[in-house]
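Residues in the sequence shown are numbered consecutively from 0, following numbering that gives the first Met the number 0. Positions of the beta carbon are idealized from the N, C-alpha and C atoms, including for glycine. Just so you know, these numbers come straight off a predicted model, no measurement behind them.
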Amino acid sequence: MNNIRNIWKNVWIFDAEWVPCLDTGRRVLGLGADVPDDEVLKAMYAAAGATEANRTPMLKGVMTRVVSIAAVLRSIGPNGEVKQRLFSIPEDDDFDEAKILRRFLSAVGDQQPQLVGFASHGFDLPTLYQRSIVHGIPLSKFCWRPEKPWDPQPDYFSKVNEGNIDLMEVVGGFFGNAKPKLEQIAKACAIPAKVGGDGASVAQMWTDGRRREIVNYNECDALTTYLLWLQCVLVNGLLSPEEVAAEQTVVASWLVEECKTKPHLQLFLDAWADLANPGGEPMEAGPAVAKTPAGNEGAQPDLEAQLIINAAMCSCPDPCMADVHRESRPAVEVPPPAECPPGCEHFHFLQGKEREAFDLGMFDGETGAEAQPPPAYDEPLKRVYRVGFSAGQRARENAQAEVTA
């Protein structure tokens, strides 16, 4: 697919991060368990054509293992409102590759979104598929293919189906020197790129045990790809300049909130501001949404209060939390939002780990997975996960009802 003709109701703009898989290297190169890891790694690079000038060439996808997948999940609500949220796996310290693959690709098969990536045709999806073969993961829904290329159902392996949009092909075609790197085309558009590292540094982060830094970097790359996608659909006439500007404003707003507990997102915001206005002031964090009760300055509503406040104040046509604790609204003064922004199915007042727990629960509920909060969650986080899961189930039921209506 070398152009974008339509924007689907659900679009997942994704990115994945990889590191050399030493187990695969041992099997493929016939190296025993007694061979040290660094020798295995050196042999893998040598087999890939390492030279003095380039000692760590890019490995074939099957020789790597996926360690993180991040995506901006964009959807269109029943009233035409655009919703986005940033999602990444793993959320905890469980970097089991089979779990990451099963979780993401099963969700893709269930939800059938339009996938958008950069090099998603040439590397990302083929490698995800190859690594799923290595682990023997059943993925019948993801791998299903329509009988005819022009059928409306997604075909994630076809270049003529709109289920997989590869922005590298969109902006550079299939061949020749016209293909730019993601960092080049993004920064030319005043979009931050390679915040917190680059693809070549991921393997070293893994070796050094800095695994959460990989997920952080992955999230920033997904945001870069999403903002580049906005530029592409603007040029193609699928969104107006006003619509694109509105989405960018919404993204900046929820990133300002998220960066309070995720410093790497503040780096992304600062880089975005610098590119848009070289030499200007970086973005500043906006005012806190919640207001503490009079006479209790400095205190914050507890988690239960945050859930109830959201239900009371959310003005969405279909408030996700309107049926939770409706009868027990606490005496906490919170100004209602001027307008309910896209993405308001999330808790307006949840941040940090609580927000991540809710997003994870909602993702599992939307994709039809079982309610399984990570074992590392304490009871309050498990509660938020379960509430998010219920909200996701309702969203899934509403979407199914729209299809059958």
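Limits of the alpha helix (DSSP H) - the one that Gln183 falls within: Judged by DSSP secondary structure, Gln183 falls within the alpha helix (DSSP H) whose first and last residues are Leu181 to Ala187.
Nearest-angstrom beta carbon gap, Trp17 and Val66 [assumed within contact, 8 Å]: 7 Å
Host beta strand (DSSP E) of Trp17 (start-end): Asn9 to Pro19
Identity of the residue in Leu85, Met62, Gly29 and Thr63 nearest Arg73 by Cα: Leu85
Inter-residue Cα distance where the pair is Leu238 and Val232: 6 Å
Contact check, Met57 vs Phe117, beta carbons under 7 Å: no
Any 3 or more C-beta pairs closer than 8 Å across the segment 133-148 and the segment 107-114: yes
Distance between Trp271 and Lys261 (C-alpha atoms, nearest Å): 16 Å
Classification of Lys8 by the beta-carbon crowding that lies within 10 angstroms, buried from 16 upward: Label assigned to Lys8: exposed.
Which listed residue (Cys188, Tyr384 and Gly121) has its alpha carbon closest to that of Val234: Cys188
Any 3 or more C-beta pairs closer than 8 Å across the segment 380-390 and the segment 354-364: Output reads yes: the segment 354-364 touches the segment 380-390.
Enclosing beta strand (DSSP E) for Gly116 [first to last residue]: Gln113 to Gly116
Reference Asn217; option with closest CA among Asn5, Asp154, Arg4 and Phe13: Phe13
Span separating the alpha-carbon of Leu306 from that of Ala356: Because the pLDDT at Leu306 is just 45, under 50, the model does not fix this residue reliably, and the value given afterwards should be weighed accordingly. A direct Cα-to-Cα measurement between Leu306 and Ala356 gives close to 13 Å.
Simplified DSSP state of Val66, which is helix, strand or coil: In the structure shown, Val66 sits in a strand (DSSP, three-state: E or B).
Own chain partners of Gln152 with C-beta closer than 6 Å, once the 5 adjacent residues on each side are dropped: Around Gln152, the same chain offers Pro145 as residues with beta carbons nearer than 6 Å, after the five sequence neighbours per side are excluded.
Per DSSP, the bridge partner or partners of Leu85: Val71
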